[in-house]
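2 protein chains.
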Amino acid sequence: MTSEPVVLIVDDDPGIRESLCNELRAAGYDAITAADGRAGLAAFRVHLPDLMLTDLAMPGADGFALISQIRAFSRTPILVISVRGADADKIRALDLGADDFVTKPFSIPELLARIRAQLRRGSAAASSVLTFDGLTIDLERRRVTQGGREIKLTRTELALLELLATHAGKPVFIEQIIARVWSSAPGTTHDTVRVHMSALRRKIEPDPARPRYIVTEPWIGYRFIAEPS
Amino acid sequence: MTSEPVVLIVDDDPGIRESLCNELRAAGYDAITAADGRAGLAAFRVHLPDLMLTDLAMPGADGFALISQIRAFSRTPILVISVRGADADKIRALDLGADDFVTKPFSIPELLARIRAQLRRGSAAASSVLTFDGLTIDLERRRVTQGGREIKLTRTELALLELLATHAGKPVFIEQIIARVWSSAPGTTHDTVRVHMSALRRKIEPDPARPRYIVTEPWIGYRFIAEPS
DNA sequence: CCGGATCTTTAGAAAGTCTTTAGGACGAAT
DNA sequence: ATTCGTCCTAAAGACTTTCTAAAGATCCGG
Chain A
1 MTSEPVVLIV
11 DDDPGIRESL
21 CNELRAAGYD
31 AITAADGRAG
41 LAAFRVHLPD
51 LMLTDLAMPG
61 ADGFALISQI
71 RAFSRTPILV
81 ISVRGADADK
91 IRALDLGADD
101 FVTKPFSIPE
111 LLARIRAQLR
121 RGSAAASSVL
131 TFDGLTIDLE
141 RRRVTQGGRE
151 IKLTRTELAL
161 LELLATHAGK
171 PVFIEQIIAR
181 VWSSAPGTTH
191 DTVRVHMSAL
201 RRKIEPDPAR
211 PRYIVTEPWI
221 GYRFIAEPS
Chain B
230 MTSEPVVLIV
240 DDDPGIRESL
250 CNELRAAGYD
260 AITAADGRAG
270 LAAFRVHLPD
280 LMLTDLAMPG
290 ADGFALISQI
300 RAFSRTPILV
310 ISVRGADADK
320 IRALDLGADD
330 FVTKPFSIPE
340 LLARIRAQLR
350 RGSAAASSVL
360 TFDGLTIDLE
370 RRRVTQGGRE
380 IKLTRTELAL
390 LELLATHAGK
400 PVFIEQIIAR
410 VWSSAPGTTH
420 DTVRVHMSAL
430 RRKIEPDPAR
440 PRYIVTEPWI
450 GYRFIAEPS
């Protein structure tokens, strides 16, 4: 997604159209509008939006028809906004392929949050892989590569690396490390952490003596240096 | 997906837990429950549900913490159910990674429709024949071939292989293996799993001492190494 | 610059996991 | 009733990971 996400608004009430349009633009989206189902479908084909907001009650082709027509060829997230709060409507819309349903009146911040939630999933990126300069950490697969080579880490080493990398840029106290990695195992000392940190650096640092990823913060703990890239 | 979708319910109210559990089972899901955030995270790691329902207000680790901890490694759909309808709560939960938010009281049919909407996305077309480098697994016919030769597997061995192969690339926790293959049969131990894994490897691995398909992840479990081809 | 503490690294002991084999229990089919 | 195949328990040995200890390097305040 190189520019702003495009959101298509379909509603027959010009006032609502304009107000939503303004709010979305203020929130950084590229908003376009259509006044009914027929125009909505046409606009959808032309603009291929990243997300569509639609009302249900509209003259001509209504929201239900619009949803099912779009779902015939696209999986773009669809969020329904409607005064009709009846269960049957919600269920029908959701089962036709809508992804979320908000009843009027609604709060704009909530609507924006729901839009963010939908867009987050659409962008198939965010695959729980942390990428730093030459170092990738796949949290789900529990795999780490450095400069393309796969690196075999023990359970403890991976836990350390994950903890630091998910707090990249911020120093992590050694007590916090003990609490999170050795959760409540008694007798774990600072030395233990250091030994494992040494082993971890030997594996992931090209030059362990001059660390590139994990920096020591004396009297504090450690810090993962780079921002994700 | 060889069986019903697994839904994890996290709520501190036993009445709600049980009622949701019954509704979901009646609707054809495999429901499991946890009473607070900590238990929820543990259950999540073991069962790897297809969707999670969670409350926000809970003793100990609350819903917000649970969501962010799970989002650190997984993108499984999360649906929040809460009495706290405040905008701030909704926005925070959604921005932490939740996919939908329902306020109590809610209607069961609507909840089920929202669950269907969330699950619809995750499940892309799943072929019933998995093909890996030299190894084919026909889930429907329950047949396995390696290098063209048909391999006779016992029920347990096939269940193990299917579980690993449908999660190819990701490590599968040994607790999860026990939960899914020996579903809640008490007294099943890690050693039991290992014995069967040994037998399975002897049959499908050209050189069992140097496994090509099933790799051991010490302290974690096992991983089916290759991506489908 | 010095003293006291922290930090790095190595090496080996301790603890735990993993593989494999063997044998008995159980159920289904003959 | 016997046979066959499957599943589970137990146990030995190999293997890996984790922890403890200690020596030298490094850092900081005074």
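Listed in order, the protein sequences are those of chains A and B. 1 is the number of the first residue of the first sequence in the numbering used here; add one for each residue after it. 230 is the number of the first residue of the second sequence in the numbering used here; add one for each residue after it. Cβ atoms here follow ideal geometry from the backbone N, Cα and C, with glycine treated the same way. Computed from a predicted model, the values in this text were never measured in an experiment.
CB contact check: residue i to chain B, cutoff 8 Å
i      : result
R223/A : no
A72/A  : no
L161/A : no
A179/A : no
L51/A  : no
A98/A  : yes
A27/A  : no
L200/A : no
R149/A : no
R155/A : yes
In DSSP terms, what residue i is bridged to
i      : result
V170/B : As displayed, chain B neither begins before 230 nor continues past 458, which places residue 170/B out of reach and without an answer.
L8/A   : I32/A and M52/A
F402/B : G450/B
E150/A : T145/A
T445/B : Y451/B
Closer than 9 Å at the beta carbon, the chain B residues around residue i
i      : result
E110/A : D316, K319, I320, L323 and F330
R212/A : Near R212/A there are no residues of chain B at all, since even the closest Cβ is about 23 Å away, more than 9 Å.
Of the residues the options, the one placed nearest residue i, counting alpha carbons only
i      : options                           : result
H425/B : V410/B, L348/B and P435/B         : V410/B
L164/A : P105/A, V83/A and V215/A          : V215/A
A232/A : T136/A, W219/A and A209/A         : For chain A, the structure presents residues 1 to 229; residue 232/A sits outside this window and is missing.
D133/A : A34/A, N22/A, I9/A and I204/A     : I204/A
A322/B : A388/B, I296/B and R267/B         : I296/B
L56/A  : G97/A, D30/A, L41/A and V83/A     : V83/A
R25/A  : F224/A, I9/A and A39/A            : I9/A
D328/B : R370/B, F335/B and T305/B         : T305/B
V236/B : R384/B, P447/B and R343/B         : R343/B
E446/B : A42/A, P211/A, G221/A and L158/A  : L158/A
I91/A  : L340/B, H419/B and K333/B         : L340/B
R45/A  : I70/A, V129/A, E18/A and L53/A    : I70/A
R202/A : I220/A, A86/A and T154/A          : T154/A
H47/A  : A34/A, P208/A and Q176/A          : A34/A
G326/B : I177/A, A86/A, F106/A and R120/A  : R120/A
S303/B : R141/A, G63/A and S74/A           : R141/A
R397/B : K333/B, Y442/B, C250/B and G269/B : Note on residue identity: the sequence assigns Ala, not Arg, to residue 397/B. For A397/B, the nearest C-alpha among the options comes from Y442/B.
A39/A  : A61/A, A72/A and F224/A           : A61/A
Q375/B : P435/B, D420/B and L282/B         : P435/B
S412/B : K333/B, A346/B and I261/B         : I261/B
R345/B : A408/B, N251/B, Y258/B and G450/B : Y258/B
L270/B : A256/B, N251/B and G292/B         : G292/B
A88/A  : D318/B, L308/B, I337/B and K333/B : I337/B
A85/A  : K104/A, I78/A, A72/A and L79/A    : For the record, residue 85/A in the displayed sequence is Gly; it is not Ala. The option with the nearest alpha carbon to G85/A is K104/A.
Amino acids of chain A, ordered along the chain, whose beta-carbon sits closer than 8 Å to that of residue i
i      : result
S248/B : The contacting residues do not exist; S248/B stays about 18 Å from chain A at best.
P263/B : At residue 263/B the sequence reads Ala, which differs from the Pro that was named. Within chain A, no residue comes near A263/B; the closest Cβ sits about 17 Å away, beyond 8 Å.
P400/B : R141 and R142
Chain A contact for residue i (CB, 8 Å cutoff)
i      : result
A354/B : Residue placement at A354/B is poorly supported in this model, since its pLDDT is 49, which falls under 50; the coordinates are not used for a value here.
A188/B : The structure shown does not extend to residue 188/B, since chain B is modelled only from 230 through 458, so no value can be given for it.
S311/B : no
P447/B : yes
T231/B : Confidence in T231/B is poor, its pLDDT being 49 and thus under 50, which makes the residue's placement unreliable; the coordinate value appears in the next sentence. No, T231/B does not count as interfacial toward chain A.
R350/B : yes
Closer than 7 Å at the beta carbon, the chain A residues around residue i
i      : result
I203/B : For chain B, the structure presents residues 230 to 458; residue 203/B sits outside this window and is missing.
I403/B : By Cβ distance, chain A contributes nothing, its closest Cβ being about 13 Å from I403/B, past 7 Å.
A342/B : K90, I91, L94 and D95
R304/B : S128
Amino acids of chain A, ordered along the chain, whose beta-carbon sits closer than 9 Å to that of residue i
i      : result
A268/B : The contacting residues do not exist; A268/B stays about 14 Å from chain A at best.
Residue i: contacting residues in chain B (beta-carbon distance under 8 Å)
i      : result
T166/A : A301
S183/A : Chain B residues near S183/A: none, gap ~10 Å exceeds 8 Å.
Worksheet entry | Contiguous alpha helix (DSSP H) assignments of at least 4 residues, all confined to the region 277-345 of chain B | 292-300 and 316-325
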